[in-house]
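**Q** Residue numbers (the numbering used here), protein chains in the order written: chain A, 1 to 190; chain B, 191 to 338. Cβ coordinates follow ideal geometry from the N, Cα and C atoms, glycine included. The structure follows.
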């Protein structure tokens with residue numbers, strides 16, 4: 001019995017290690033719990049991307065279930081998800097864009113707003129426009145407050161302006177059905 | 191030869207210019223504040239490029255975080271306040287020193303646990319060796335030695 005244990009124990013430890021490392025192969029290191037879940041949207045005052053004299057604040061999220069999609073024309077994956085977002089919009093989802101530009105360095109150069117607007121118009125004309133409107137995160141302050149690490153990222157915001165879901169990466173039918181739909185449908189049913 | 195040394199000189203000089211430029215981007219009145227800035231940017235992890243701190247990373251998010259650290263320090267916030275600000279947005283993940291909680295306590299306990307097991311194994315193994323030498327065997331050994 002003792003001898004048996006001496007041989008069995010290392011084997012069990014090895015198998016345990018194997019299982020641990022094996023599941024590590026498939027885990028996504030970018031995935032970590034967002035600290036903002038169940039929190040209200042951070043305060044902000046930012047202009048509309050197309051009409052910069054118009055400004056928005058966190059209050060615009062009250063009263064409607066909203067998908068807040070962080071994107072930019074420079075982002076390749078965003079272009080991939082645009083057609084699917086368009087489809088979601090046609091199904092009656094309220095999608096708001098949070099636009100930020102990579103080439104605008106708050107410390108140095110400023111790309112003209114007209115130029116950014118032109119690029120956005122061309123992109124949306126080409127791939128479809130799922131957005132009710134776009135918030136222009138000029139200095140990327142709101143993105144930072146939201147814990148955004150890049151684009152695309154999407155937040156599901158409930159009627160009271162609370163963040164219910166933070167998804168890093170693109171939205172596709174699989175992600176929508178497994179991750180978003182259960183929470184979204186429950187929110188809409190209320 | 192002259193042209194060559196000029197080339198080296200201009201290369202060295204050009205290098206040092208670019209170094210000054212990066213430091214000038216974040217200008218500090220107090221040297222302690224600058225030291226704190228360098229300390230913080232070394233200890234905060236870039237959320238996009240996970241094995242780099244924000245000082246070493248050129249990802250846009252790292253640049254934005256550096257700028258935020260600078261702004262917060264300019265407002266007179268302490269090191270702890272800046273770290274809390276970042277953790278609130280990017281989670282514990284953003285700081286290289288993990289907090290001690292029910293999940294991470296194993297990082298400290300498991301090595302201790304293994305050391306204890308190893309010590310126990312060594313002690314037990316020694317005991318068993320000693321116990322093999324029972325009186326009869328000792329007598330036999332003695333007899334053998336004396337018979338020589």
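1) Any beta-carbon of chain A closer than 8 angstroms to the one on residue 251 of chain B?
2) Against residue 145 of chain A, what residues of chain B qualify as contacts under a CB-to-CB distance less than 7 angstroms, listed in chain order?
3) Which runs of the beta strand (DSSP E), 3 residues or longer, sit entirely within the stretch 72 to 128 of chain A?
4) Mind the definition here: the stretch 60 to 68 of chain A touches the stretch 89 to 98 of chain A only if three or more C-beta pairs lie below 8 angstroms; say whether that holds.
5) Nearest by alpha-carbon distance to residue 265 of chain B: which of B:223, B:250 and B:254 is it?
6) Which residue or residues does DSSP assign as beta-bridge partners of residue 68 of chain A?
7) Under 7 angstroms Cβ-Cβ, which residues of chain A neighbour residue 254 of chain B?
8) Taking C-alpha atoms, which residue in A:16, A:190 and A:164 lies nearest to residue 38 of chain A?
9) Using a threshold of 8 angstroms, state whether the C-beta atoms of residue 231 of chain B and residue 215 of chain B are closer than that.
10) If you run the structure through DSSP and keep just helix, strand and coil, what is residue 47 of chain A?
11) For residue 285 of chain B, which residues does DSSP report across the bridge?
12) Quick check on residue 154 of chain A - is its C-beta less than 8 angstroms from some C-beta in chain C?
13) List the endpoints of the continuous beta strand (DSSP E) containing residue 165 of chain A.
14) Less than 8 angstroms between the beta carbons of residue 227 of chain B and residue 280 of chain B, yes or no?
15) Quick check on the DSSP output: the beta strand (DSSP E) that includes residue 134 of chain A runs from which residue to which?
16) Using a Cβ-Cβ distance under 8 angstroms, would residue 149 of chain A count as near chain B?
17) Could you check the C-alpha separation between residue 119 of chain A and residue 125 of chain A for me, to the nearest Å?
18) Beta carbon of residue 193 of chain A, beta carbon of residue 47 of chain A: below 8 angstroms?
19) Looking only at DSSP bridge pairs, what is residue 55 of chain A linked to?
20) Note down, in chain order, all residues in the stretch 222 to 254 of chain B with a beta-carbon under 7 angstroms from any beta-carbon belonging to chain A.
21) Write down the C-beta distance between residue 143 of chain A and residue 82 of chain A rounded to the nearest angstrom, noting that I regard them as a contact closer than 8 angstroms.
22) For a contact defined as C-beta to C-beta under 7 angstroms, what are the partners of residue 258 of chain B on chain A?
23) Run through chain B and tell me which residues come within less than 8 angstroms of residue 102 of chain A, C-beta to C-beta.
24) Considering only the alpha carbon of each residue, which of A:122, A:160 and A:168 lies closest to residue 41 of chain A?
25) How about residue 85 of chain A and residue 130 of chain A: are their beta carbons less than 8 angstroms apart?
**A** Taking the coordinates as given:
1) Counted from its first residue, the second chain places residue 251 of chain B at position 61. At least one chain A Cβ lies under 8 angstroms of residue 251 of chain B.
2) The sequence position of residue 145 of chain A within the first chain is 145, counting from 1. Result: 279.
3) 94 to 99
4) yes
5) For the purposes of this step, residue 265 of chain B is taken as residue 75 along the second chain, with counting starting at 1. The option with the nearest alpha carbon to residue 265 of chain B is B:223.
6) For the purposes of this step, residue 68 of chain A is taken as residue 68 along the first chain, with counting starting at 1. The partner list for residue 68 of chain A (beta bridge, DSSP) reads A:96 and A:155.
7) Start at 1 with the first residue of the second chain, and residue 254 of chain B comes out as number 64. Those are 140 and 144, listed as they occur along chain A.
8) Counted from its first residue, the first chain places residue 38 of chain A at position 38. Residue 38 of chain A has its Cα closest to that of A:164, out of A:16, A:190 and A:164.
9) As a working mapping, residue 231 of chain B is identified with position 41 in the second chain. As a working mapping, residue 215 of chain B is identified with position 25 in the second chain. Contact flag unset, no.
10) On the first chain, position 47 is the one that residue 47 of chain A refers to. Reduced to three states, the DSSP call for residue 47 of chain A is strand.
11) Counting from one through the second chain, the residue named residue 285 of chain B turns up at place 95. Answer by DSSP bridge pairing, in chain order: B:234.
12) Absent here is chain C; the protein component of the structure consists of chains A and B.
13) For this step, residue 165 of chain A is matched to residue 165 along the first chain. Counting along the chain, the beta strand (DSSP E) containing residue 165 of chain A begins and ends at 163 to 168.
14) Here residue 227 of chain B is taken as the residue at index 37 of the second chain, counted from 1. Here residue 280 of chain B is taken as the residue at index 90 of the second chain, counted from 1. No, they are not a contact pair.
15) By one-based count along the first chain, residue 134 of chain A stands at place 134. Where residue 134 of chain A is concerned, the enclosing beta strand (DSSP E) stretches over 134 to 136.
16) Here residue 149 of chain A refers to the residue found at position 149 when the first chain is read from its first residue. With 8 angstroms as the cut-off, residue 149 of chain A counts as an interface residue toward chain B.
17) In the first chain, counting from the first residue as 1, residue 119 of chain A sits at position 119. In the first chain, counting from the first residue as 1, residue 125 of chain A sits at position 125. In a straight line, the C-alpha of residue 119 of chain A is about 10 angstroms away from that of residue 125 of chain A.
18) Absent from the model: residue 193 of chain A. The displayed extent of chain A is 1 to 190, so no value can be given.
19) Indexing the first chain from 1 puts residue 55 of chain A at position 55. According to DSSP, residue 55 of chain A bridges with A:47.
20) 237, 238, 240, 250, 251 and 254
21) On the first chain, position 143 is the one that residue 143 of chain A refers to. On the first chain, position 82 is the one that residue 82 of chain A refers to. About 19 angstroms; that fails the 8 angstroms criterion.
22) The residue labelled residue 258 of chain B in the question sits at position 68 within the second chain. Ordered by position in chain A, the residues that pass the 7 angstroms Cβ test against residue 258 of chain B are 144.
23) For the purposes of this step, residue 102 of chain A is taken as residue 102 along the first chain, with counting starting at 1. Neighbours of residue 102 of chain A on chain B, chain order: 250.
24) Stepping through the first chain from its first residue, residue 41 of chain A is reached at position 41. Residue 41 of chain A has its Cα closest to that of A:160, out of A:122, A:160 and A:168.
25) The sequence position of residue 85 of chain A within the first chain is 85, counting from 1. The sequence position of residue 130 of chain A within the first chain is 130, counting from 1. The answer is yes: Cβ separation under 8 angstroms.
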